[in-house]
């Protein structure tokens, strides 16, 4: 998933390798969660953008992980609950699992 790491670094404006370990952990966590939801062993190429988009959001929250909302001198910040990061993509994830179900192995029962 080096392409995912490169895209995240580009989007957050990183040009060096100092944050690669953190980004790697972020990618691993997001990928594992997505794989669990998809019930797959590998994130399909067409869904890697989900890892990139959530990765950027999680990277931007580093140091403020538990913050729900903050307001300082008219500047207000609020973050998603980490459990809800996948909600905007749930219909896409559901479609992917249904798509695989239609093409995947089935079971036959004889009575």
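In our numbering, the protein residues as written are 72 to 182. Even glycine gets a Cβ: it sits at the ideal position worked out from N, Cα and C.
DSSP places residue 155 outside any alpha helix (DSSP H), giving it a letter other than H or E. Counting only the Cα atoms, residue 170 lies some 12 Å from residue 162. Bounds of the alpha helix (DSSP H) holding residue 78 are 73 to 83. Straight-line spacing of the CA atoms in residue 102 and residue 147 works out to 30 Å.
DSSP places residue 132 outside any alpha helix (DSSP H), giving it a letter other than H or E. For residue 110, the secondary structure class from DSSP, reduced to helix, strand or coil, is coil.
Distances from the CA of residue 128 to each of 72, 82, 180 and 73 were compared; the closest alpha carbon is that of 82.
By the beta-carbon neighbour count (other beta carbons within 10 angstroms, threshold 16), residue 76 is buried. Per DSSP, reduced to three states, the secondary structure at residue 88 is coil, with no helix or strand assignment.
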